[in-house]
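With my numbering applied, the sequence shown closes on residue 640, and no number is skipped along the way.
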Amino acid sequence: MAAHAGTMFLFAAAFVLIIVPAAGLIRHLRALPRPQSAVERVDPFREWIGVVALGQMVLWCVLVGVLAAGLALVWAWWMRGLPRRARPWAMGVGLSPLLLPSYLAYAGWNLLRAPGTWLGDALAVAPVSIAANAWRAFALVGLTLWVWPLALLVLAPAAARLPRSVLEAMGADGAPPRVVLLHVVRMLWRDIARAAVLCALVMAGSAIPLHVAQVYTYSIWLWSEMNRVPDLRGVWLASWPLLAVAVAGAVFVLRLVPGASRDDGGADELADGVAEVETRGQVQRGVWVVLTACAAALWACSVLVPLLLFVLSVREVSAFAEFWRQSGAAVWHSAHAAAWTGGVGALVLLAAWVSVSGVRSAEGRRSVSQVVLLLTVVGLVPGVLVGSAYALAAPASGLPLVVLTHLARFAFVGAIIGWWLGASEPADLRDARELDGGATFRGWLLACVRPRWAAVLGAAVAMAMLSLHEIESTVQVLPPGLDNLAQFLLDQLHYLRQDQLAAAGASMAAAGLLGAVAGGVLLAKARTGESERS
């Protein structure tokens, strides 16, 4: 009965979040008048601008994906030498930049080129091409510093599974760190490639730093066309490459889940006490110090330094009070929407979990996985397209529409975690649970959810943080006004009003930092089973 109710809730969520808006979108697009001139029509092949944008998208996806995987490998290898109990905390702290605003690192570091700084003054007299490339360089660095924790989800368990005997042999032979690094990369190259692809999927979307820096990837070009001409039908017809990427990416992401659900360490997990000290001693002390310094610098560059630059760039302390006076209602509106998104997203997680836990037939599990796949496809569609679909399909705007849009964007996070938790339950434990009365919903909650409560809470916090900092879909469904925090932040990023941007960025990042770290740690504890011992 519990599994049936969970499956029905999951199907209902997919119907409300996907089928209803899609039907409304199609009905609206069919009713639109056709553009009267070629200028009003969206044509990717006009002057090959769409083709060039598609090529730029591939280039940026590859660049950011490879760089992010490299940064994540540093953190993953540093985690390997930590005591077992410290790893969930290190993993959680490592995941936290992903749950902060995507523009944090970009906008924070970009303040170094504000008017009055030596870099800003130099770029002011530099050729236009150099100034434009500076924007793109800051966007590249900022996006990499934001998205690398996504690669960590793949590389942390992969690094922990490396055979200890191989590393011991290299240490006994006195191999220099460069040789060890090359061997590690060779052993992990498949996981590094998967991590890079995972980050590249996010870069195919409508990331705010790309939009602000005017990097015309395909999704950013569609966003500009959406604002330029009324031919929304043409925008959606031209979006087929992004929809195809979302479908292929969703299949790729779900294929990663069974591998990620295995125990991180298995036989390679380090024992407590002496074994941990001996393993750390096998790595040269200088290498360990360098790894620790690199990990600390990576997190500082991703979070602390941009936040500090925001704070130091505020010339008048009154700018903080002015931000909260002007945008306090908008922040409350966004927090309210984030709370609803996290809460309903947690219900989606529980529904997927109980559905997989209680369904024994292959057909039943396949149907659940198909719903999770659909939610993941929508989650990988660029946010500006998701917001446009909801704006066109909905009769009115407001908080419910924002929550539905954010659920369409982020409910797949809860669905995937719930699917993983249900699928990772061993068959013998499931049989024992059902014999002990765990087949009822209450029994399932006590037997399955209570030991792994951190997964539910961590996912809820993560989805709430993603919702709080969402901009690209929110600006599509909310009209401009005092309660539109997303539009306010986007305007500040565009026009680089230093005091307002610094005060807003520092306030939003500081407000979300605790939640981001807490969400990351809870998810990491659930991943390693720590919550079962709490």
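Every residue gets a Cβ at the ideal spot worked out from N, C-alpha and C, and that includes glycine. Because the structure is a prediction, the values reported are computed rather than measured.
In terms of residues, what are the limits of the alpha helix (DSSP H) holding residue 186?
Walking along the sequence shown from the start, residue 186 turns up at place 80. Per DSSP, residue 186 belongs to the alpha helix (DSSP H) from 155-186.
Nearest CA to the CA of residue 516: which residue from 575, 137 and 560?
On the sequence shown, residue 516 is found 410 positions in, with the first residue counted as 1. Of the candidates 575, 137 and 560, the one whose C-alpha sits nearest the C-alpha of residue 516 is 575.
Tell me whether the beta-carbon of residue 487 lies closer than 7 Å to the beta-carbon of residue 401.
Stepping through the sequence shown from its first residue, residue 487 is reached at position 381. Stepping through the sequence shown from its first residue, residue 401 is reached at position 295. Going by C-beta atoms, residue 487 is not nearer than 7 Å to residue 401.
Does the stretch 551-567 touch the stretch 290-303, meaning 3 or more C-beta pairs lie closer than 8 Å?
no
Sequence-distant residues of the same chain with beta carbon closer than 7 Å to residue 117, five excluded per side
Against the sequence shown, residue 117 aligns to sequence position 11. So the qualifying residues of the chain are 477.
DSSP state of residue 220, grouped into three classes?
One-based indexing of the sequence shown puts residue 220 at position 114. DSSP places residue 220 in coil when its eight states are reduced to three.
In this structure, does DSSP put residue 68 in helix, strand or coil?
For residue 68 there is no data in the structure shown, the boundaries of the chain being 107 and 640.
Measuring alpha carbon to alpha carbon, tell me which residue in 247, 405, 524 and 363 is nearest residue 457.
Position 351 of the sequence shown, counted from the first residue, corresponds to residue 457. Minimum Cα distance to residue 457 is reached at 524.
Among 139, 203, 573 and 490, whose alpha-carbon lies nearest the alpha-carbon of residue 450?
Position 344 of the sequence shown holds residue 450. Answer by Cα proximity: 573.
Can you find the residues in the same chain that come closer than 6 Å, C-beta to C-beta, to residue 257, ignoring five residues on each side of it along the sequence?
Reading the sequence shown from its first residue, position 151 is the one you call residue 257. The residues are 174, 175, 178, 301 and 305.
Can you tell me whether residue 186 is buried or exposed, with buried defined as 16 or more other CB within 10 angstroms of its CB?
On the sequence shown, residue 186 is found 80 positions in, with the first residue counted as 1. So residue 186 counts as buried.
Any contact of the stretch 609-620 with the stretch 409-422, i.e. 3+ C-beta pairs under 8 Å?
yes
Just the Cα atoms here: how many angstroms apart are residue 284 and residue 290?
Translated into the one-based positions of the sequence shown, residue 284 becomes position 178. Translated into the one-based positions of the sequence shown, residue 290 becomes position 184. So the alpha carbons of these two residues sit roughly 10 Å apart.
For the stretch 420-428 against the stretch 491-509, do three or more pairs of beta-carbon atoms, one drawn from each stretch, fall closer than 8 Å, so that the two count as touching?
no
Measure how close the beta-carbons of residue 325 and residue 310 come, nearest whole angstrom, since I'm counting them as under 8 Å.
Counting from one through the sequence shown, the residue named residue 325 turns up at place 219. Counting from one through the sequence shown, the residue named residue 310 turns up at place 204. Right, the Cβ-Cβ distance comes to about 7 Å (below 8 Å), so this counts as a contact.
Since residue 324 is in the alpha helix (DSSP H), which residue starts that stretch and which ends it?
Against the sequence shown, residue 324 aligns to sequence position 218. It spans 324-334 - the alpha helix (DSSP H) in which residue 324 sits, taken as one unbroken run.
Here's the rule: buried if 16 or more other CB atoms are within 10 angstroms of the residue's CB, otherwise exposed. What is residue 373?
For the purposes of this step, residue 373 is identified with residue 267 of the sequence shown, where counting begins at 1. Per-residue confidence for residue 373 stands at a pLDDT of 34, beneath the threshold of 50, marking its modelled position as unreliable; the derived number appears in the next sentence. It is exposed - the Cβ of residue 373 has fewer than 16 other Cβ atoms within 10 Å.
Mind checking which residues open and close the alpha helix (DSSP H) that includes residue 504?
Counting from one through the sequence shown, the residue named residue 504 turns up at place 398. Taken as a continuous stretch (DSSP letters only), residue 504 belongs to no alpha helix (DSSP H), as it is neither H nor E.
Endpoints, alpha helix (DSSP H) assigned at residue 133:
What you label residue 133 is simply residue 27 of the sequence shown in a count that begins at 1. Residues 126-137.
Nearest-angstrom beta carbon gap, residue 323 and residue 162 [assumed within contact, 8 Å]
In the sequence shown, counting from the first residue as 1, residue 162 sits at position 56. In the sequence shown, counting from the first residue as 1, residue 323 sits at position 217. Yes, they are in contact, since the Cβ atoms of residue 162 and residue 323 sit about 5 Å apart, within 8 Å.
Take every Cβ of the stretch 334-341, pair it with every Cβ of the stretch 148-159, and state whether three or more of those distances are shorter than 8 Å.
yes
Buried or exposed for residue 317, going by 16 or more other Cβ atoms inside 10 Å?
Numbered from 1 along the sequence shown, position 211 holds the residue referred to as residue 317. Per the 10 Å Cβ criterion, buried.
Identify which residue in 248, 208, 134 and 196 has its Cα closest to the Cα of residue 663.
Residue 663 lies beyond the residue range present for the chain, which begins at 107 and ends at 640; the question has no answer from this structure.
Hey, out of 480, 335, 166 and 474, whose CA is closest to residue 143's CA?
Stepping through the sequence shown from its first residue, residue 143 is reached at position 37. Nearest C-alpha to residue 143: 335.
If you draw a straight line from the alpha carbon of residue 413 to that of residue 557, how long is it in whole angstroms?
Within the sequence shown, residue 413 is the residue found at index 307, counting from 1. Within the sequence shown, residue 557 is the residue found at index 451, counting from 1. Answer to the nearest angstrom: the Cα atoms are 36 Å apart.
Along the alpha helix (DSSP H) that carries residue 314, what are the first and last residues, could you check?
Sequence index remark: in the sequence shown, residue 314 carries index 208 (1-based). Looking at the DSSP string, the run of the alpha helix (DSSP H) that includes residue 314 is 314-318.
Under 7 Å between C-beta atoms of residue 437 and residue 307:
The residue given as residue 437 occupies position 331 in the sequence shown. The residue given as residue 307 occupies position 201 in the sequence shown. Contact flag unset, no.
Pair every Cβ in the stretch 152-160 with every Cβ in the stretch 236-248, then say whether three or more of these pairs are closer than 8 Å.
no
Using 10 angstroms around the beta-carbon of residue 357, count the other beta-carbons present and answer buried if the total reaches 16, otherwise exposed.
The residue you call residue 357 lines up with position 251 of the sequence shown. Under this definition residue 357 is an exposed residue.
Could you spell out where the alpha helix (DSSP H) holding residue 298 opens and where it closes?
By one-based count along the sequence shown, residue 298 stands at place 192. 295-309 is the span of the alpha helix (DSSP H), which, as asked, contains residue 298.
Tell me whether residue 194 sits in a helix, a strand or coil according to DSSP, three-state version.
On the sequence shown, position 88 is the one that residue 194 refers to. Here residue 194 sits in helix by DSSP.
CB of residue 571 within 7 Å of CB of residue 612, strictly:
Stepping through the sequence shown from its first residue, residue 571 is reached at position 465. Stepping through the sequence shown from its first residue, residue 612 is reached at position 506. No. Outside cutoff.
Quick one: what does DSSP say residue 149 is sitting in, helix, strand or coil?
Numbered from 1 along the sequence shown, position 43 holds the residue referred to as residue 149. Three-state DSSP puts residue 149 in coil, outside helix and strand.
Given residue 129 as reference, the closest of 526, 577, 500 and 565 once Cα atoms are compared
Along the sequence shown, one-based indexing puts residue 129 at 23. With distances taken between Cα atoms, residue 129 lies closest to 500.
Rounded straight-line distance, which links the Cα of residue 124 to that of residue 506
Counting from one through the sequence shown, the residue named residue 506 turns up at place 400. Counting from one through the sequence shown, the residue named residue 124 turns up at place 18. Approximately 15 Å, taken between the alpha carbons.
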